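For reference, the structure discussed in these notes is given below.
Residue numbers (full-length UniProt numbering), protein chains in the order written: chain L, 1 to 370; chain A, 1 to 370; chain W, 1 to 370; chain H, 1 to 370.
Have a look at this one:
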C-alpha cells in the first residue's frame, strides 16, 4: 500500500510516525510504502520528508491523488481544507484518512458522508483517542454491562495556554482561520468519546460559550479574539443519559486533560488523558471492599497491548496513531468497516453546532439532528 | 453562655459534639453550658441528652426560647421548620445558629434576613464547610491574589446512594417533606462555597434538573419520586466568572465528593471533601518546576490548625462544627459580625431557585436577583 | 467509672478528648466520670482541667492511685515514667491505660507484663493506630485471606521536622531525656502495626541507624545530638515474611507518613496515615480489570464506623483515641481481653532493641527474643 | 552511520525502534542506516528484520563486526554474552552500545571498562531510564541545589509476576541462565539511578536476599528456583547519603514500579516509572503553601521534550531508547563522552555483588570497591 500524507506540521508528523512504525508493531497488516509527503513549501517539505522517512515529496496535493502508486491519502491539513482534498481523493478511488475534525461545518460533513458512502475506497476519521487502550477498554466494559446502565456522564477537556491575558494572538483565535475556538478544537474529541463509549448519539444540547479575554496582543497591536476560550454544555442522548461537557483553554494547571467519567447503575469509569495508561473502574458490590480501582492498562489482555511491550511498560500519546493506522490497513485488506466513520464526524459536528445555536438562544435546549 | 439545640438526629449530634468540645480546643472563648436538648419524643431525647452531654431536655422548642438561662438557640430541625423557630428565637433576643439551608424558599429567607438585621442577638448560618481549614486557606489565597483573577470555576457535589434504581423511597425523595432534591441538599453547599471563595455573588444561572429513576419501591408499593436526582448549571458572577455546577445522588463511586476548582489568570486551586485535609494549589511560573502542589493543610500556619493537634495530624468532618461554634462565640463576645450570614443563605437560595426557573424555561439564562 | 489522666500536654489532651466524647459515640459503654487530671504545675493543670472538662486536679500521681473514686488510671507521662506509675496503679487494683511506648527498655517492659498478668485490673497499651478504621479493616482482610499468604511487607514512618540542619536542639534529641530517637518514637508504631496486621511477631532483625546532623544549635550554643535521625531495618517473622522498615525525621515533604504495604500471594494492601480514611486493596484476578482499589473506609460496614457519622464523612486522627477508650471500657465491663496488650508493647520493644544491637554489630542479623 | 543490532527479542525490538525513529525526532543527528539485524535463527531473524525495518540480516555476530559498512554495534543479547561481543566489537574499532547490565560479573565489567578506555570507538551502556525526561529533570534539579543537600534516599523496583507460588519456572529463575534474580535484573536499574541522580557512588552496602518460593512447576515437574525473588539493602555513598533499596517480583499490584525518592535538606523528589511523565518536587518554604508538586514533565523546557510533541502530550516507555540513540549519535559525531559509561556499569555491578556478599555474611556492612 502506497501512502501519501498531506501536511507535515504537528499532525503530519504524528501520522508519519504511525506509517513508519505500523509494520514493526502490527506485522499482520499489509506492508506500507511511505511514498509521498505533500506540502506547499518545497524546501521545507523536502527536509521533513528526509527526517520523517518519506520516499518523495509533492507540493500540490492534486498530484498524489492522480498517481497510481498512492493507495491511501491521509489528510492532515487545517480543517477548512479537509473537505476539498478528501472529496477529490474519494472520487479518485483512494482510501482516505482524515484527521479530525472531519470538517468545520455540518454542511461539509454531510457532503463528505455522502461521498464516503458512494466511494470505492475506505474512509476513516482520525479520532485517535479511540485507540487509547484505556478508552477502548472502557468501551468494552460498558458494552459488557460492567457498570450497569449509564445514567450520567461528565466530560471535560481542559488546557491552560490562554490563562494569561497577555498570551499573544494566534491564528487559532481568529474565526476565519480556526473555524471555532476551544469548542471545536477540544470539544469535538470529548463529544466523540461520549458517542464512542456509549454507542449512541447526543440528540439535544444546551450550552454556553465565553471569551474571557476579548483582546490580545498581536504582532501589529491589540487584536480582537473572535472565538471562544471556554464552553459548557449539557448533552442528552437517545437513551436518556445526561452528560456535562466543559472545555477550556484557561484552566490553569491542566495541560492536556481530556477527562471522561461515566456513572452507571452498578459502577463507574473514569479516565484522564494526562494519565493515559490508567482507567479507573468502580464496581458497586461488597461495601467493605469496593472503591475506585486504578487499572494499569498495560497488560496483554488489554486492547492493542499485545502489539506493544511486555506488561507494565507504558505507552505514550503517539502510539494511538500507530494503532489507528493498523486498524485502517486491516479494514482495507478485509474490506470491512472501520471507525471512526465520517458519520461519527458528522454526529460530533452536529452537537457542536447545536451548542453554538443554544448559546445564541440564551441557553435553550436545542435538537442536534442526530 | 447557655445553649439549647433543637433536634437530636444527625445535625443535632454534630452540633452537640461542637458545643461539648469547643472549650477544649478554643480555650479563649466564653465557657458554654450545654443546657437543653430539644426533641418531640421525650424518651428518646432524654437518652440522647445523656449520651451527648446535655444537662436537661425539653420537648417543645418554645420553652427554651422563653428561658433566661438560654443565650444561644441552635436550630437543627428539618429545613421547613427553620424559619418559624429562628424568627421566634431572634424575636426573643437570643443568639441564633441555623443549620443550612437557611430555609426552603427565597421568601422565608428574606423574612429571616430582615429579622436578623433587626435583632439584638447574633445570627449565624451553619454552612460548616467554611470551617474546613483547606477551604478557609483557599479563600485566603484567592484574596491574596495567589492565583490571579479567577475566570472559571468548576464545582460538583457527588454522592451515589441512589445509583441503584432499586434503592428504596425515603422522605428525601418527596417534595412535600424534602422541599427539593439534590439541588437543595448538596447544591446549596457548593453555591455557598463559590460565594465564599470568590467574595461575590452569582447573578445569572442556567440549569437543568433530572430525575433518572422516576419511581422507587416504597413501604406500600411503588411510589413516584418528586424531586431531582441530579442537577447541572452554569453560573455567572458579578465580575464575569463562569462556574459550572454538577450535583448528583447517582454518581457511583463518589461518597461525599464536594469538589471545587478555581482557575485564575496565574494559578488554580482544587479541593475534594473526601480528602478534606488537602488543598491543591497550582501557581504558574517556572515551567520546569510548576504543577499542582498538594498542600497538607495541617500546619500551625493554616486556618484553625493552631487550635488542634501538632503538624501533620489530620482532622475529620466533625471538627468543622467545633471551629464554627468557636467563631460564633467569639463574635458574640466581641459583638462583631460572623459568617455565614443569613444574607449568605438568601443569596444561595436565590441561585437554587433561579436554576429551577431556568430548567422550567428550557435552560434559559435567568437572573438570580443577587 | 472514674478516670484520672496523668499528664496534660499533647497526649494528655488527646486522651482527655477521648474520655470526653466516648459516651456520645459509643452509648453502649459504661458512663465515665472525668474525675482528675494530674500535673506537677498546679496553676497550669487547673487551667487545662477547666478547658478539657475535668472535675478536679492533682499535682501528685500517687494521690489518684490511692483514691477510691478512680477506677482507670491513664498514663500519658513521658516514656521513662511509664513503668513506675503503671506498676503502682496495677498494684493498687486500677485498670491501667499506658500511652505507647510501654516503656523505654525491654527490662521495664518485662516488669510491666508480669505486673499486668498478676493484676486485678485490665491493662491496655495505647497503640492508637490499631483503631484507625482502615488499619482495622486491613487486619480483617488479611485474616480472611483476601490477599492470600503475606510474603513481603514494607513499612515506613516518615516526618521532616529535622530536615533543616539548622533546626534547633530539643529534649527529643538527647538520649537521656528521649530514650531513643526516631526508631523508638515512630518505629514502635510501625513495628506494632506489623505485629497487629499479621498476627505474628518479628523474630530476627537487621538494622542501621544514622544521625545525619550530629550537632544542632541549642539555647546555650552548639549541642551534640545523641539519638538517631533515621533508621532502616529488615525484619523477619515466624512464618517467613520479610518486612522492610524505614523511619526518618529528615524525609522532607512527609509530615506524618506512617505507610504500610503488605504483599500477599493473591493480593496486597496499602495504607498511608496522611490519608487515614483510605485503604488500598489489590486483589489478583481478572487481568483486564484488577488494580489497586482505593476503599474509602467510611461506610457503616467498616470497623468503628457505625459509631460515627453517615457514610462518606471522614474521620480525623483524634477519633482513634475515642474508639480505643470505648474498646477499653467494653473490655472492662465484660472482663475480657483488650489489645494492644503489654505483651504487644514488649514484643515491639524487643524488635527495636534488636535493631540497635544489629546496628552496633555492623548490620548482623539478630534474634529479637520474640 | 551503519548500525547492526545483535538480538531481536524484547530488547532488540526496543533498540530497533530507536534506530528507526531517531532521525524523525532528532533531525540534527547523523543519518542512520539500519543495516543488519543479527540472530541465530535465520528464518526468524529474516521475518523480524522485515517487520522492524532492517536492510539485511546475519546469523553470526562476528560477521557484522568485520564489515566496513557497520559503524555501530548494538548488543542486545542475554547478559552473559555481552562481554564477548562487546570486546570483539571494540577491538574492531566499532562504536558499541551494550544493553544493561554491562555484564554478569565485576570481573567481566572490569575487562569491558579497560577495553572501552583503549578503544577508538565510543562505548555506551544502555541504562535507558537515564533518558526518562522526569529523571533527567530530577538530576538537573539536584545539581542546581533545588532540594539542598541530599541526606536520605529510598529506591524500589517492584513487580508481581511471581506473586503466585504456582507461577511456572522460567530461564530467569535459574542461576546458570540468568546470572542472578531480581537483584541483578531490576536492582541494577535502581542502583544506576542513585549514582546518576546523586553524581556519586555507593561505597558500602548491607543486604538481604530471599527466595520466597523455593520450588516451582517446570515443564518436566517441580524444579528448584536458584535465584532471589526479592532483595533489600542499605546503601551508603561517599558523601554520607543513606539509601534503602527494595526489589521484588512478588509485590502484588505493582507492575513495573521503579520508584525513587530523594530527601534533601530543603526539598525532595519522587518518581514512579508507572507514571513516567511525572516528577514530584517538594521545596521547603512558606509552610502555608508548600507541599509535593506534581510536575507534568511534558513541557518544551524539560529535557528531551523539544524533540517530541507539543506541551502536555505524554511519552511512553520506548521513547527513552530513541533519545538514548540520539545522545549516542551526537557524542560520536562530536567525539565527546556519553553516559552511561562502562564505568557506570562496573560501579553498579560492584554494588550488586557487595549486597550478595553482605547477605552471605549475615547482613554485615560490606565495601563495594567504588
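Every residue, glycine too, gets a C-beta built ideally from N, C-alpha and C. These numbers come from a predicted model, not from an experiment.
With 16 or more other Cβ atoms inside 10 Å of its own Cβ, residue 18 of chain W counts as buried.
Chain order gives no chain A residues near residue 34 of chain W, where near means a beta carbon separation below 7 Å; the closest approach is about 11 Å. Exclusion of the five residues before and after residue 228 of chain L leaves 180, 181, 182, 183, 209, 210 and 211 as the residues of its chain whose Cβ lies within less than 8 Å of its Cβ.
Secondary structure note for residue 320 of chain H: it is in no beta strand (DSSP E), and the uninterrupted alpha helix (DSSP H) holding it is 319 to 334.
Within the same chain, Cβ atoms closer than 6 Å to the Cβ of residue 156 of chain H are found at 246 and 259, the five residues on either side in sequence being excluded. Between residue 124 of chain A and residue 338 of chain A, the C-beta spacing is below 8 Å. At least 8 Å separates the CB of residue 110 of chain A from every CB of chain H. Using a Cβ-Cβ cut-off of 8 Å, residue 211 of chain L does not count as an interface residue toward chain A, since no Cβ of chain A sits closer than that to its own. A residue is called buried when at least 16 other Cβ atoms come within 10 angstroms of its Cβ; residue 77 of chain A meets this threshold and is buried. Residue pairing of residue 34 of chain A in beta bridges, as defined by DSSP: A:3. With a cutoff of 8 Å on beta-carbon distance, residue 96 of chain A and residue 103 of chain A are scored as not near each other. Of all residues in the region 136 to 160 of chain L, those with a C-beta nearer than 9 Å to a C-beta of chain A are 147, 148, 149, 151, 152, 154, 156, 158 and 160, reading in chain order.
Annotation: residue 346 of chain W to residue 233 of chain H spans about 27 Å, alpha carbon to alpha carbon. In this structure residue 240 of chain H is exposed. Its beta-carbon is surrounded by fewer than 16 other beta-carbon atoms within 10 angstroms.
Contact residues of the region 296 to 315 of chain A toward chain W are 296, 298, 299, 308, 309, 310, 311, 312, 313, 314 and 315 (C-beta to C-beta distance below 9 Å). As the crow flies, the alpha-carbon of residue 363 of chain A is around 12 Å from that of residue 360 of chain L.
Below the 8 Å Cβ cutoff, chain W contributes 265, 266 and 284 as neighbours of residue 164 of chain H, in chain order.
Straight across, the Cα-Cα distance linking residue 27 of chain L with residue 53 of chain H is about 11 Å. Residue environment for residue 93 of chain W: exposed (fewer than 16 other C-beta atoms within 10 angstroms of its C-beta).
In the structure shown, residue 296 of chain L falls within a strand segment according to DSSP collapsed to helix, strand and coil.
Around the Cβ of residue 220 of chain L, a 10 Å sphere holds fewer than 16 other Cβ atoms; the residue is exposed.
At a cut-off of 8 Å, the C-beta of residue 319 of chain H has a neighbouring C-beta in chain L.
It is roughly 4 Å from the alpha-carbon of residue 99 of chain A to the alpha-carbon of residue 126 of chain A. Counting only runs that start and end inside the region 73 to 103 of chain A, the beta strand (DSSP E) elements of at least 3 residues fall at 95 to 99.
If you ignore the 5 residues before and after residue 332 of chain H, its C-beta comes within less than 6 Å of the C-beta of 95 and 122, all in its own chain and listed in chain order.
Selection W:207, W:264, W:356 and W:167 evaluated against residue 138 of chain W yields W:264 as nearest (Cα-Cα). Excluding the 5 residues flanking it on each side, residue 178 of chain L has same chain C-beta neighbours closer than 7 Å at 171, 172 and 227, in chain order. Residue 192 of chain H sits in a helix when the DSSP states are folded into three classes. Just so you know, the alpha carbons of residue 249 of chain W and residue 132 of chain L end up roughly 42 Å apart.
Where residue 215 of chain L is concerned, the enclosing beta strand (DSSP E) starts and stops at 215 to 218.
The three-state reading of DSSP puts residue 358 of chain W in helix, counting H, G and I together.
Residue 263 of chain H: member of the beta strand (DSSP E) spanning 257 to 264, first to last residue. With respect to residue 141 of chain L, residue 269 of chain L sits close: the two C-beta atoms are nearer than 8 Å. Two segments are said to touch when three or more pairs of C-beta atoms, one from each, lie closer than 8 Å; by this definition the region 313 to 332 of chain L does not touch the region 310 to 320 of chain W.
In the displayed model, residue 134 of chain W falls within a helix according to three-state DSSP. Close CB contacts of residue 290 of chain W within its chain, under the 8 Å cut and outside five residues either way in sequence, are with 282, 283 and 284 (chain order).
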